[in-house]
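Asks: Sharing a structure, written as structure tokens. Questions coming.
Residue numbers (this note's numbering), protein chains in the order written: chain W, 12 to 194; chain S, 12 to 194.
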């Protein structure tokens with residue numbers, strides 16, 4: 012199994028004008044990304060937001076599917092949503108992974124635009140074989156803020172389709188990334 | 012560009028007990044799958060439902076993003092959602108593609124379970140080079156009904172992850188399929 016975590020970042024991300032915002036949590040991000048994380052054997056799926064009401068919302072959704080009537084209605088949903096951990100900030104994510112792994116994870120940023128220092132899927136796939144913990148970070152809204160990206164260890168190349176159109180949803184992008192890395 | 016269409020089927024599909032139902036349209040299916048279809052250069056994205064109120068709902072959502080305030084707020088959404096065509100039945104999809112292409116498309120079913128006659132992604136990817144029109148069909152709810160699958164020309168192999176867990180959302184599955192076929 013890969014030693015890979017995924018973190019969905021709601022702050023700091025940018026809006027369509029490039030301003031830094033804290034985005035709202037989208038219910039289907041939780042479902043889709045946890046199901047993809049479960050499919051590809053990820054260790055945890057971190058949902059990161061500094062907004063307390065949003066963290067409570069996430070906790071309530073998870074509880075419905077893991078302890079509530081959703082758990083008996085659809086046990087397959089439960090086993091996916093159980094992977095979700097909610098954190099206030101990305102540094103809390105790093106600390107928790109470090110506690111589990113006895114080592115801080117290598118952090119990978121993602122972006123729809125090409126960066127000069129991007130690493131390829133092939134390279135990241137090979138890196139995952141070294142057993143070290145990695146955390147793949149996904150931006151909501153219009154993507155991760157540059158100040159966040161600057162602190163990560165690597166940037167993954169963008170997903171290129173056939174057309175130059177690069178506006179996949181974060182749910183679709185996450186699914187494609189995990190499939191390219193671990194499928 | 013590939014000569015590929017995608018169709019999201021809301022009837023006949025099965026519920027968790029295997030009963031045939033007409034499922035409800037999910038707003039984010041429209042957004043996510045149209046954006047993936049746009050990314051990978053598909054010709055159209057058909058949304059198929061026999062329920063008139065559901066077809067009206069889809070038309071209203073598309074209109075918001077292609078003619079309404081959504082179109083000026085987010086033109087990238089418009090160019091994706093413009094790919095959507097709403098149809099009453101799959102036979103109407105086939106007739107319309109045949110009219111455009113002067114040839115009926117080859118139909119491909121998808122399923123999370125392995126079928127004895129499934130074709131591989133590699134094989135389907137090669138088939139797409141022959142220039143003929145193809146339509147990839149995706150089931151909502153618990154998947155396409157057997158009676159629908161039986162009428163298609165081919166079945167695509169399921170997406171296998173690392174774990175045996177095979178419960179991706181249709182949005183994630185569509186993204187992965189298009190990436191494997193055209194990425």
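All residues carry an ideal CB built from backbone N, CA and C; glycine is no exception.
Compare the C-beta of residue 166 of chain W against all C-beta atoms of chain S and say whether one is closer than 8 Å.
Replies: No, its Cβ sits nowhere closer than 8 Å to a Cβ of chain S.
Asks: Among residues of its own chain, excluding the 5 on either side of residue 90 of chain W, which ones have a beta-carbon nearer than 7 Å to its beta-carbon?
Replies: 49, listed in sequence order.
Asks: Checking contacts by CB at 8 Å: is residue 16 of chain W closer than that to chain S?
Replies: Taking Cβ atoms only, chain S never reaches closer than 8 Å to residue 16 of chain W, which makes this a no.
Asks: Which residue comes first and which comes last in the alpha helix (DSSP H) that contains residue 160 of chain W?
Replies: Element bounds for residue 160 of chain W: 157-160.
Asks: Pull up the DSSP beta-bridge partners for residue 16 of chain W, would you.
Replies: Bridge partners of residue 16 of chain W: W:146.
Asks: Who pairs with residue 166 of chain W in a beta bridge, going by DSSP?
Replies: Bridge partners of residue 166 of chain W: W:120.
Asks: Can you find the residues in the same chain that come closer than 6 Å, C-beta to C-beta, to residue 149 of chain W, ignoring five residues on each side of it along the sequence?
Replies: If we look at residue 149 of chain W and ignore the five residues flanking it on each side, its Cβ neighbours are 19, 121, 181, 185.
Asks: By Cβ distance, which residues of its chain are closer than 7 Å to residue 23 of chain W, with the 5 residues on each side in sequence left out?
Replies: So the qualifying residues of the chain are 31, 156, 158, 159.
Asks: Listed from N- to C-terminal order along the chain, which residues in the stretch 86-104 of chain W have their beta-carbon within a distance smaller than 8 Å of any beta-carbon of chain S?
Replies: For the stretch 86-104 of chain W, which is checked against every Cβ of chain S, the residues closer than 8 Å are 87, 88, 90, 91.
Asks: From the beta carbon of residue 145 of chain S, is the nearest beta carbon of chain W less than 8 Å away?
Replies: Chain W, which has no Cβ nearer than 8 Å to the Cβ of residue 145 of chain S, makes this no.
Asks: At a Cβ cut of 8 Å, what residues of the stretch 149-180 of chain W count as close to chain S, listed as they run along the chain?
Replies: Cβ contacts with chain S come from 170, 171, 172, 173, 174, 176, 177, 178, 179, 180.
Asks: On the CB-based measure, 16 or more other CB atoms within 10 Å of its CB, does residue 162 of chain W come out buried or exposed?
Replies: By the neighbour-count rule (16 or more Cβ atoms within 10 Å), residue 162 of chain W is not buried but exposed.
Asks: Give me the Cβ distance between residue 192 of chain S and residue 105 of chain S, rounded to the nearest whole Å; I'm assuming they're in contact under 8 Å.
Replies: Not quite, the Cβ-Cβ distance comes to about 20 Å (not below 8 Å), so this is no contact.
Asks: Between residue 123 of chain W and residue 177 of chain W, is the Cβ-Cβ spacing less than 8 Å?
Replies: Going by C-beta atoms, residue 123 of chain W is nearer than 8 Å to residue 177 of chain W.
Asks: At 9 Å on the CB atoms, spell out the chain S contacts of residue 12 of chain W, in chain order.
Replies: Residues of chain S passing the Cβ test: 173, 174.
Asks: Assuming residue 59 of chain W contacts residue 98 of chain W (C-beta within less than 8 Å), just tell me the rounded distance between them.
Replies: Right, their Cβ atoms sit about 5 Å apart.
Asks: Return the residues of the stretch 39-51 of chain S that lie within a Cβ-Cβ distance of less than 9 Å from chain W, sorted by chain order.
Replies: If the cut-off is 9 Å between Cβ atoms, the stretch 39-51 of chain S has 39, 42, 43, 44, 46, 47, 49, 50, 51 near chain W.
Asks: When burial is assigned at 16 or more other CB atoms within 10 Å of the CB, is residue 199 of chain W buried or exposed?
Replies: Because chain W is modelled from 12 through 194, residue 199 of chain W falls outside the range shown and cannot be assessed.
Asks: According to DSSP, what are the bridge partners of residue 96 of chain W?
Replies: BP columns for residue 96 of chain W point to W:57.
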